[in-house]
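The structure under discussion appears below in the form of structure tokens.
Residue numbers (my numbering): 26 to 544.
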């Protein structure tokens with residue numbers, strides 16, 4: 026069998042292995058369930074996963090546009106996201122919950138990412154052993170953050186930059202894996218358009234970018250910047266500018282509406298403009314990021330040596346790689362997108378590709394090039410192992426953000442069936458879950474989606490220590506709350522039982538959770 030026929034099968038086998046290994050903590054979580062603990066179905070970013078469950082739940086109930094159910098004011102549904110739309114429709118079609126849907130996303134994300142990287146790596150004319158090992162390192166490895174476990178360095182813990190690493194994406198953040206796969210396929214089509222000098226693959230690149238923009242604009246911003254830098258440099262340096270302008274239009278025009286929509290959504294849309302106020306993070310320390318990314322960072326430096334010493338290596342793919350490295354670092358450290366350093370899934374791939382290309386061209390003993398790439402991968406495996414160990418321990422120890430009492434789940438399910446659209450007052454931890462599992466709008470929920478979250482958190486704490494009826498009546502009139510879900514977390518905040526103080530009828534009581542409704 027030829028290499029061209031065999032390599033995709035090997036890439037798929039690698040992806041299957043990554044999927045199975047990444048599933049080990051979930052098996053531990055399912056086994057850890059007992060009479061007092063129910064697994065929500067995810068093991069990372071609980072607040073964000075709750076918001077994804079909220080949108081998937083809205084889709085499962087028939088919505089095509091999503092509302093922010095962490096805004097008690099009830100803003101209109103204006104958010105369109107193809108991934109959570111499709112996830113919700115699958116949930117409704119097959120009758121499984123968000124946890125089951127997440128495993129389906131993991132499966133698709135792992136295979137898509139493995140094949141996309143393998144396909145794009147073929148544009149760099151790597152020898153088959155180096156190409157396959159680069160794909161394996163890409164899918165399995167982490168950075169060098171594990172060094173922080175050995176002695177105190179200015180290094181991130183292994184999970185700080187999880188969204189940068191494909192293994193962590195496929196194990197815990199599958200929507201990030203799907204997004205990176207779409208971006209890699211877009212760049213692959215872009216190189217194909219430049220090689221063949223035709224319009225069809227250019228339009229295909231634009232459509233991949235448009236698809237990416239309909240569910241994850243973070244990586245779209247980086248991918249569009251890569252394409253713009255690359256096409257701009259080619260336009261200036263090479264003749265036939267009219268055709269190059271047309272190809273640039275074909276690549277960059279389709280995703281433009283998605284970028285404009287995302288800008289409007291996060292700055293002006295009712296219920297979602299709060300995003301732009303919450304998601305502002307300082308750029309990371311260079312040394313910390315370099316250690317977290319690990320040895321693939323050397324790829325950019327070695328690629329400069331290749332470019333200087335090997336004129337034949339100055340190909341279209343190399344030019345794209347330079348643009349890609351520049352774009353990734355620019356997104357990390359510029360003010361173009363303050364959230365980009367936390368969500369830039371397109372940061373590790375160009376460094377790893379650059380390393381593979383440089384080693385393949387510069388290594389004195391060519392047969393040792395695959396061994397060096399494998400060595401780089403082995404250095405990153407401890408981080409992957411620590412991710413798995415940490416998540417397995419969290420699952421085994423029934424970490425409270427990933428597990429709930431069965432009575433809590435029962436109370437949320439009762440809400441979904443009996444009071445859909447309830448405007449709910451409850452502890453913030455339950456308020457995060459209520460939209461996704463109970464269909465309610467929460468007074469206090471996701472800190473990045475709840476308007477004036479700090480003020481509302483303080484107001485919640487104050488009210489839970491207030492046992493007089495009049496302040497509660499005033500609060501209910503001003504906030505619009507019409508349902509109270511009262512449980513053990515609320516009791517820890519204070520002595521007030523809101524429903525009893527207000528005199529509202531008790532609608533549901535399972536011994537742990539009480540639900541009161543405004544008459």
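The beta carbon of each residue, even a glycine, is placed where N, CA and C say it ideally should be.
Taken atom to atom, the span from the alpha-carbon of residue 246 to that of residue 481 is near 33 Å.
For residue 123, there is no enclosing beta strand (DSSP E); the enclosing alpha helix (DSSP H) covers residues 123 to 146. Under the three-state reduction of DSSP output, residue 485 falls in the helix class. Cβ-Cβ distances below 7 Å link residue 291 to 297, 298, 300, 301 in the same chain, with the five nearest sequence neighbours on each side left out; the list follows chain order. Here the region 407 to 424 makes contact with the region 44 to 54; the two share three or more CB pairs at distances below 8 Å. Here residue 437 is near residue 458, since their CB atoms are less than 8 Å apart.
Closest option to residue 455, judged by alpha-carbon separation, among 444, 328, 429: 429. Separation of residue 317 and residue 154 (C-alpha to C-alpha, rounded to the nearest whole angstrom) is 26 Å.
DSSP, reduced to helix, strand and coil, places residue 327 within a helical segment of the structure shown. The residues 168, 317, 318, 369, 370, 372, 373, in chain order, have a CB closer than 8 Å to that of residue 189 in the same chain once the five nearest residues on each side in sequence are set aside. One Cα belongs to residue 500, the other to residue 240, and the distance between them is close to 37 Å. When the alpha-carbon of residue 529 is set against those of 516, 521, 538, 509, the nearest one is in 509. Taking C-beta atoms as the reference points, residue 448 and residue 507 count as a pair closer than 8 Å.
Separation of the CB atoms of residue 378 and residue 146 is rounded to 6 Å, and the pair is thereby assigned contact status at 8 Å. Annotated three-state conformation of residue 190 is coil, per DSSP. Distance from the CA atom of residue 63 to the CA atom of residue 113, rounded to whole angstroms, is 21 Å. For residue 126, the closest C-alpha among the options 96, 91, 77 is that of 77. In this structure, the alpha-carbon of residue 320 lies about 11 Å from that of residue 162.
Listed as beta-bridge partners of residue 510 by DSSP are 540. Residue 271 and residue 252 do not touch by the CB rule: their CB atoms are close to 14 Å apart, not below 8 Å.
Taking 4 residues as the shortest admissible run, the region 81 to 130 contains the following complete alpha helix (DSSP H) segments, listed from N- to C-terminal end: 107 to 119. Classified as buried, residue 384 has 16 or more neighbouring CB atoms from the shown chains inside 10 Å of its CB. Counting along the chain, no beta strand (DSSP E) covers residue 156; the unbroken alpha helix (DSSP H) around it starts and ends at 153 to 165.
Sorting 255, 134, 85, 207 by C-alpha distance to the C-alpha of residue 118 places 85 at the top.
Pairing residue 469 with residue 453 gives a Cβ-Cβ distance under 8 Å.
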